[in-house]
Amino acid sequence: MDPVGREASRRGAEASGPSAVLAYSAPRSGFGDEWMTFLPIGLGFLQAMARTRGYPCRLANLSGKGRKEVVEYLRRQAPAVVGISMFTFNRKRSADLLAWAREACPGAVLLAGGPHPTHLAREVFEDCPQLDAIVKGEGEVPLVEILARLADGRDWRTAPGLVLRDGETPSPPPLEDLDIMGAPVEHFQADFLDDPGQLSYLSTSRGCPATCNFCNTPEFWGSAVRFRSPAAVLREMRLLRERHGLTYFSFRDDTFTANKLRILELMRLIQASGMHPLWNCQSRVNLVDEDRLVAMKRAGCEFMQFGVEHGSERVLKLLDKGTNMRQARKALELVRRVGMNMGIYLITGIPGEAWEDVETTAAFIREVRPHDVQISPLALYPGTRLFDRYRAEGRISRDFFRGTGDAEVFARVDAHTEKALRHLERAASAIKPKAIYTPEDFRAQKAWLGFCAVTNLLCGEAAEEAGNLREAEAEYDELVAQEPGNPWGFLKRALLRRRTGRDAEARADLAEVLALAPGNPEAEDLARAWGTRRGRAWKAAQGPKAAMKGAQAYLEREGS
Numbered sequence: 001m002d003p004v005g006r007e008a009s010r011r012g013a014e015a016s017g018p019s020a021v022l023a024y025s026a027p028r029s030g031f032g033d034e035w036m037t038f039l040p041i042g043l044g045f046l047q048a049m050a051r052t053r054g055y056p057c058r059l060a061n062l063s064g065k066g067r068k069e070v071v072e073y074l075r076r077q078a079p080a081v082v083g084i085s086m087f088t089f090n091r092k093r094s095a096d097l098l099a100w101a102r103e104a105c106p107g108a109v110l111l112a113g114g115p116h117p118t119h120l121a122r123e124v125f126e127d128c129p130q131l132d133a134i135v136k137g138e139g140e141v142p143l144v145e146i147l148a149r150l151a152d153g154r155d156w157r158t159a160p161g162l163v164l165r166d167g168e169t170p171s172p173p174p175l176e177d178l179d180i181m182g183a184p185v186e187h188f189q190a191d192f193l194d195d196p197g198q199l200s201y202l203s204t205s206r207g208c209p210a211t212c213n214f215c216n217t218p219e220f221w222g223s224a225v226r227f228r229s230p231a232a233v234l235r236e237m238r239l240l241r242e243r244h245g246l247t248y249f250s251f252r253d254d255t256f257t258a259n260k261l262r263i264l265e266l267m268r269l270i271q272a273s274g275m276h277p278l279w280n281c282q283s284r285v286n287l288v289d290e291d292r293l294v295a296m297k298r299a300g301c302e303f304m305q306f307g308v309e310h311g312s313e314r315v316l317k318l319l320d321k322g323t324n325m326r327q328a329r330k331a332l333e334l335v336r337r338v339g340m341n342m343g344i345y346l347i348t349g350i351p352g353e354a355w356e357d358v359e360t361t362a363a364f365i366r367e368v369r370p371h372d373v374q375i376s377p378l379a380l381y382p383g384t385r386l387f388d389r390y391r392a393e394g395r396i397s398r399d400f401f402r403g404t405g406d407a408e409v410f411a412r413v414d415a416h417t418e419k420a421l422r423h424l425e426r427a428a429s430a431i432k433p434k435a436i437y438t439p440e441d442f443r444a445q446k447a448w449l450g451f452c453a454v455t456n457l458l459c460g461e462a463a464e465e466a467g468n469l470r471e472a473e474a475e476y477d478e479l480v481a482q483e484p485g486n487p488w489g490f491l492k493r494a495l496l497r498r499r500t501g502r503d504a505e506a507r508a509d510l511a512e513v514l515a516l517a518p519g520n521p522e523a524e525d526l527a528r529a530w531g532t533r534r535g536r537a538w539k540a541a542q543g544p545k546a547a548m549k550g551a552q553a554y555l556e557r558e559g560s
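So the sequence shown is numbered by full-length UniProt numbering: it starts at 1 and just counts up by one.
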């Protein structure tokens, strides 16, 4: 049952009525970082929900924009509602946007949503005097209900899911059928955004079955995982391919593999679609197995990230991680056997962590040989049990996130943590040459799985890196012969042929890519300016591994 009512959806595809602008800005320190300036995925779903119910809604990426430009833009739009996506890291910049929004639109309803205001409502109200209300947690129903009340001349303050300055309204039940939101690509209208790569970051579920004490996902989305249907996910991927030529996707679900039957069905649909995408995802080490990983690789998964967090059993218990090192070793060993690139998240600076634990983690890195390691100091985010414990113990001031302080997050920075970071980063750097799959590894993968496009691509890349260009081209030749509808074989072969001075053959391969995926950003860039080391063209030249770079920086790990 649609909690906002079926009547609203009968307004028709042409939006009318009170309008909304939903905006985001990176913090000032992130203005030059393309990943930090990407819009949060959740804004696309909010827009889709509003537009499918008949309300005009635009997204705005205001990163790097000054007061004058923001005020002029909002005056032109004249929205009835302005919503700001606020995280802990961009809270100060969000406060600026709210002040400028009030200057531009004196009569508009100003909202803040996201993890930070959901968990620190009082502090946000005190720092943002222009703010009218905070949307708690999941925002689709509150946004549509506010717009519906404005359309009918009713009091918008009675909409569900709001924190007001003088109270709050009951939260609506979580959306059980996530498909009713629609797909962001179907309704995407955004200002100050010209990179279609924004749309390649997908979310297919909400919630996480874990209860890690450093993560606020369960508090924000709930611990019961809710899913979009496999058919809806495939449809979104197909639309992105047809409208924007996108062939690489990043699934940013907290635990993409949480439901085995759903994952196997989605993999079956992707394989049967003939789209031949490449993609990456993240999961927990206790929620993968051979069936899932083999199906995922056959459907185009070339990179997986795992939140391992630490190499010490004792420290994992301190984090309430709910996994153990036996599970971690088993999962990562299986990923290497199946033959996908893998990355791990690690945390150090954890209360109770001893240097022996750091050494154990460094040894774990050397043992499992991940292709990518992301190491961070422990950050305490509002809405986590660790944050609540620190506050109760007086170790975090109630005013830490208030005012104009410089800290974007509360992270442990001391001699132990800095030493541990350096030690683990050295271990990760030293292991990189040993992480690369060897020719023997690839032969074993082929013997087990038979032909698989991801194997050919990774084998070709490894051969190129080793200077074995003939072997690399043979891998791409086989991929083109086996899957003539797969643009990745043509793209990689075009780049290799260009590298070896065979320009005519390279151009022919590039033409095949554009015929198979019209509008593909990488191929379009290459066609316009071959060989330039700028923008998407250079990312394409680096292959699918580079498409993943920065994905973990795109979404703050306190929830999307």
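In this text, a Cβ means the ideal position worked out from N, Cα and C, and glycines have one as well. This structure is a prediction, so every number in the text was calculated from the model and none was measured.
Sheet register partners of residue i (DSSP bridge)
i, result
"PHE306", "SER283 and ILE344"
"ALA20", "CYS57 and VAL81"
"ILE375", "LEU346"
"GLU168", "VAL163"
"ARG226", "ARG206"
"LEU278", "TYR248"
"CYS301", "TRP279"
"ALA411", "ALA379"
"ASP191", "ALA60"
"TYR201", "SER250"
Buried versus exposed call for residue i [16 or more other C-beta atoms within 10 Å across all chains shown]
i, result
"GLY467", "exposed"
"VAL335", "buried"
"ALA515", "exposed"
"ALA447", "exposed"
"VAL454", "buried"
"SER200", "buried"
"VAL21", "buried"
"THR348", "buried"
"THR500", "exposed"
"ALA224", "exposed"
"SER16", "exposed"
"ARG426", "exposed"
"PRO115", "buried"
"GLU138", "buried"
"PRO196", "buried"
Beta-carbon spacing of residue i, residue j below 8 Å
i, j, result
"MET325", "GLU313", "yes"
"ALA506", "ALA494", "yes"
"ARG284", "ALA210", "yes"
"HIS187", "ALA60", "no"
"ARG369", "ILE431", "yes"
"MET86", "GLU140", "no"
"ALA230", "ARG252", "For clarity, residue 230 is Pro in the given sequence; the question names Ala instead. Going by C-beta atoms, PRO230 is not nearer than 8 Å to ARG252."
"LYS92", "PRO27", "yes"
"CYS281", "PHE306", "no"
"VAL70", "LEU62", "yes"
"THR118", "LYS136", "yes"
"PRO365", "ALA428", "With the sequence shown as reference, residue 365 is identified as Ile, and Pro is not the correct amino acid for it. Cβ distance < 8 Å, so ILE365 and ALA428 count as in contact."
"THR247", "PRO487", "yes"
"LEU287", "ARG226", "no"
"ALA183", "ARG241", "no"
"CYS105", "ALA78", "yes"
"LEU278", "GLY300", "yes"
"LEU378", "ALA411", "yes"
Other residues of its chain near residue i: CB distance less than 7 Å, five sequence neighbours each side excluded
i, result
"GLN482", "PHE451"
"ARG243", "VAL185"
"ASN90", "SER25, ALA26 and PRO27"
"ASN213", "LEU319, ASP320, THR384, ARG385 and LEU386"
"GLY245", "ALA517, PRO518, GLY519, ASN520 and PRO521"
"GLU290", "LEU334"
"MET237", "PHE249, MET275 and PRO277"
Neighbourhood of residue i by C-beta distance below 6 Å, restricted to the same chain and skipping five residues each side
i, result
"ALA133", "LEU111, LEU162 and LEU164"
"ASP357", "SER312 and VAL315"
"PRO18", "ALA80, LEU147, LEU150 and ALA151"
"ASP509", "PHE490, ARG493 and ALA494"
"PRO172", "PRO3, VAL141, PRO160 and GLY161"
"ALA190", "LEU59"
"ASP372", "GLY343"
"TYR476", "GLY460, GLY489, LYS492 and ARG493"
Closer than 7 Å: residue i CB and nearest the ligand SAM heavy atom
i, result
"LEU316", "This structure simply doesn't include the ligand SAM, nor any ligand for that matter."
Neighbourhood of residue i by C-beta, 8 Å cutoff - its chain only, sequence neighbours within 5 removed
i, result
"PHE31", "THR37, SER63 and GLY64"
Segments assigned alpha helix (DSSP H), at least 4 residues, entirely inside the segment 469-537: Unbroken alpha helix (DSSP H) stretches of 4 residues or longer found wholly inside the segment 469-537: 469-482, 487-499, 503-516 and 521-528, given in chain order.
Minimum length 4: unbroken alpha helix (DSSP H) runs contained in the segment 103-144: If we require 4 residues or more, the alpha helix (DSSP H) runs fully inside the segment 103-144 come out as 115-119 and 121-127.
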